[in-house]
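Mapped onto this note's numbering, the consecutive letters of the sequence shown carry residue numbers 487 to 631. Data first, discussion second: the structure below is written as structure tokens.
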Amino acid sequence: MGAVRKIWLLSKISRLRSKGHSNISNESKKMKNYLILFIILLLLELAIAYFQFNSFIRGFLGDVLVILLLYSFLKIFIKNNVLKTAVSVLAFAYFVELLQLFKLVEKLNIQSEILLIIFGSVFDFWDLLAYFLGFLLILLIEKFS
487 MGAVRKIWLL SKISRLRSKG HSNISNESKK MKNYLILFII LLLLELAIAY
537 FQFNSFIRGF LGDVLVILLL YSFLKIFIKN NVLKTAVSVL AFAYFVELLQ
587 LFKLVEKLNI QSEILLIIFG SVFDFWDLLA YFLGFLLILL IEKFS
């Protein structure tokens, strides 16, 4: 009876190890996919900014995509669940838009071109809608992938 129990325990440990290895492999594959998505979205955002597309693409679609960009960047490093990460990105975007509403960039006399691009300077209600649509898009993509 003791030998049978030992064999059973060893086979159980072996199965657990192989499952653990599979999870590690899946996680690294997911991280790689998020990295690829991040690079594609970054290039797309840079193209939108550089080529000065019309106001809908630059002003609205770009804001939808920036939510996916930030989300994919975080998911490269963080294994949090989808909803927590997506809500965090949405909250950050809303916070930045709130800073624009109170004209914090002007009040702090920020001159850095990079910070001006990141924080923007004009509050726009449509940005909030674009961010929310980006958030919903994340949830849909994650649900069906």
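Cβ coordinates follow ideal geometry from the N, Cα and C atoms, glycine included. These numbers were taken from a predicted model, which means no experiment stands behind them.
| Among Ala572, Leu601 and Val608, which residue has its Cα nearest to the Cα of Lys629? | Ala572
| query | By Cβ distance, which residues of its chain are closer than 7 Å to Leu554, with the 5 residues on each side in sequence left out? | reply | Non-local beta-carbon contacts of Leu554 in its own chain, meaning distances under 7 Å to residues more than five positions away in sequence, involve Leu527, Gly620, Leu623 and Ile624 in chain order.
| request: Tell me, to the nearest whole angstrom, how far the beta carbon of Leu569 is from that of Phe618; I am working on the premise that it is less than 8 Å. | output: In fact, because the Cβ distance is near 14 Å, the residues do not count as touching under 8 Å.
| Just reading off the alpha helix (DSSP H) that Val550 is part of, what are its end residues? | Gly548 to Phe563
| task | Tell me where the alpha helix (DSSP H) around Leu601 begins and ends. | result | Glu599 to Phe605
| request: List the endpoints of the continuous alpha helix (DSSP H) containing Gln586. | output: Val568 to Leu587
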